[in-house]
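**Q** Quick one: the structure is below, questions incoming.
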Amino acid sequence: AQSVTQPDIHITVSEGASLELRCNYSYGATPYLFWYVQSPGQGLQLLLKYFSGDTLVQGIKGFEAEFKRSQSSFNLRKPSVHWSDAAEYFCAVSGTYKYIFGTGTRLKVLA
Amino acid sequence: DTAVSQTPKYLVTQMGNDKSIKCEQNLGHDTMYWYKQDSKKFLKIMFSYNNKELIINETVPNRFSPKSPDKAHLNLHINSLELGDSAVYFCASSPGTSGRDQETQYFGPGTRLLVL
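Same order as they appear, the protein sequences are chains A and B.
According to this note's numbering, the first sequence holds residues 39 to 149 in order.
According to this note's numbering, the second sequence holds residues 5 to 120 in order.
Following this line, the structure appears as structure tokens:
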């Protein structure tokens with residue numbers, strides 16, 4: 039069955055520190071993978087996506103993600119976190135006519 | 005211009021009432037979706053429509069009835085509202101249903117429904 043796992047429910051980092059949010063997927067074929075961010079009370083904004091090719095993809099707001107087929111992972115990274123990055127982050131895989139989302143990781147940024 | 009818009013943004017109502025949420029996209033996309041986000045932030049597909057035709061109904065109670073009058077609109081009508089319907093409902097659209105950029109979904113701002 040198709041599924042997405044985000045093992046970390048909450049992550050707290052200090053402003054300026056690096057960040058890595060984990061995402062593991064289960065999908066039979068080549069996955070299309072996405073990261074979205076949801077700020078408090080807001081909708082979902084697309085950060086980046088992976089379809090094929092270069093396994094390191096760049097997104098908006100300085101985020102990047104690396105696709106590792108051998109580990110079934112698509113982890114999101116940022117070298118230096120800003121206070122405005124505090125939000126909920128969702129990993130998703132594109133299934134048949136729908137997205138399958140992970141449960142989300144809430145990021146807290148300490149000043 | 006807002007790409008995917010939803011109205012209303014907030015909806016507070018009593019149990020047993022009937023309510024509708026409207027969604028419009030101006031992206032020229034063929035496919036639209038409704039997702040439900042529960043109190044734990046979990047997002048789950050409810051319906052998918054392609055060219056006004058229903059292609060996914062993810063075991064949603066039949067109190068929920070989506071309607072797509074044209075490709076740019078997908079409305080959600082809910083009958084006999086229950087406490088458990090309290091959630092955030094997101095509309096989304098994508099260019100199509102298969103292959104690369106066809107599957108990138110763009111989300112509306114959400115409608116926060118509270119049933120008392």
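Beta carbons are placed, not taken as given, at the ideal position from N, Cα and C, and that holds for glycine.
Computed from a predicted model, the values in this text were never measured in an experiment.
According to DSSP, simplified to helix, strand and coil, what is Lys-136(A)?
**A** Reduced to three states, the DSSP call for Lys-136(A) is coil.
**Q** Can you tell me where the beta strand (DSSP E) holding Leu-57(A) begins and where it ends?
**A** Element bounds for Leu-57(A): 57-59.
**Q** If you measure from the beta carbon of Ser-41(A) to each beta carbon in chain B, is any gap under 8 Å?
**A** It does not; no Cβ of chain B falls within 8 Å.
**Q** Assuming Tyr-39(B) is part of the beta strand (DSSP E), what are its boundary residues?
**A** Unbroken beta strand (DSSP E) run through Tyr-39(B): 35-41.
**Q** With DSSP collapsed to three states, give me the class of Arg-144(A).
**A** Here Arg-144(A) sits in strand by DSSP.
**Q** Buried or exposed: Tyr-140(B), going by 16 or more other Cβ atoms within 10 Å of its Cβ?
**A** This structure leaves residue 140(B) out entirely; chain B is present only between 5 and 120.
**Q** Among the residues of its own chain, which have a CB less than 6 Å from the CB of Ser-118(A), if the five just before and after it don't count?
**A** So the list reads Gly-54, once near-sequence residues are dropped.
**Q** Please indicate yes or no: does the CB of Glu-126(A) lie closer than 7 Å to some heavy atom of the ligand SAM?
**A** No copy of the ligand SAM occurs in the structure displayed, which carries no ligand at all.
**Q** Would you identify the three-state DSSP class for Arg-67(B), choosing helix, strand or coil?
**A** Three-state result, Arg-67(B): coil.
**Q** Which whole-angstrom value describes the C-beta separation of Leu-85(B) and Thr-17(B), a residue pair presumed to lie in contact below a C-beta threshold of 8 Å?
**A** Leu-85(B) to Thr-17(B), Cβ: 6 Å. Contact.
**Q** Where does Ile-31(A) fall in DSSP's three states?
**A** Residue numbering for chain A in the displayed model covers 39 to 149; residue 31(A) lies beyond these limits and cannot be assessed.
**Q** The stretch 129-143 of chain A: which residues have C-beta closer than 7 Å to a C-beta of chain B, in chain order?
**A** Those would be Ser-132, Tyr-135, Lys-136, Tyr-137, Phe-139, Thr-141 and Gly-142, in chain order.
**Q** Within the same chain, show all residues whose beta-carbon is closer than 8 Å to that of Gly-20(B), passing over the 5 residues directly before and after it, in chain order.
**A** These residues qualify, in order along the chain: Ser-84 and Leu-85.
**Q** Find the nearest neighbour of Pro-45(A) within the set Asn-113(A), Ala-124(A) and Tyr-137(A), judged by alpha-carbon distance.
**A** Of the listed residues, the one whose Cα sits closest to Pro-45(A) is Asn-113(A).
**Q** Under the assumption that Val-8(B) contacts Tyr-93(B) (Cβ atoms under 8 Å), give the Cβ distance between them as a whole number of angstroms.
**A** About 13 Å; that fails the 8 Å criterion.
**Q** So does the stretch 94-101 of chain B actually touch the stretch 27-43 of chain B, counting three or more Cβ pairs closer than 8 Å?
**A** Yes, since at least three Cβ pairs between the stretch 94-101 of chain B and the stretch 27-43 of chain B fall closer than 8 Å, the two stretches touch.
**Q** Does the stretch 87-99 of chain A come close enough to the stretch 136-147 of chain A that 3 or more CB-CB pairs lie under 8 Å?
**A** They do not touch, by the three-pair rule.
**Q** Quick one: using the 10 Å Cβ neighbour count with 16 as the cut-off for buried, is Asp-42(B) buried or exposed?
**A** Exposed, because fewer than 16 other Cβ atoms sit within 10 Å of the Cβ of Asp-42(B).
**Q** Identify which residue in Arg-144(A), Leu-148(A) and Ala-149(A) has its Cα closest to the Cα of Ser-77(A).
**A** Closest by alpha carbon: Arg-144(A).
**Q** Kindly say whether Pro-12(B), judged by its beta-carbon, lies nearer than 8 Å to any beta-carbon of chain A.
**A** Cβ-Cβ to chain A under 8 Å: no for Pro-12(B).
**Q** Taking all protein chains shown into account, decide if Asp-89(B) is buried (16 or more other Cβ within 10 angstroms of its Cβ) or exposed.
**A** The residue in question, Asp-89(B), is buried, as its Cβ has 16 or more Cβ neighbours within 10 Å.
**Q** Taking beta-carbon pairs under 9 Å, can you tell me which members of the stretch 79-104 of chain A lie near chain B?
**A** The stretch 79-104 of chain A vs chain B, Cβ under 9 Å: Gly-79, Gln-80, Gly-81, Leu-82, Gln-83, Leu-84, Lys-87, Phe-89 and Ser-90.
**Q** Using a cut-off of 7 Å between C-beta atoms, extract the partners of Ser-72(B) located in chain A.
**A** Near Ser-72(B) there are no residues of chain A at all, since even the closest Cβ is about 14 Å away, more than 7 Å.
**Q** When the Cα of Val-51(A) is compared with those of Leu-86(A), Asp-92(A) and Trp-121(A), which residue comes out closest?
**A** It is Trp-121(A).
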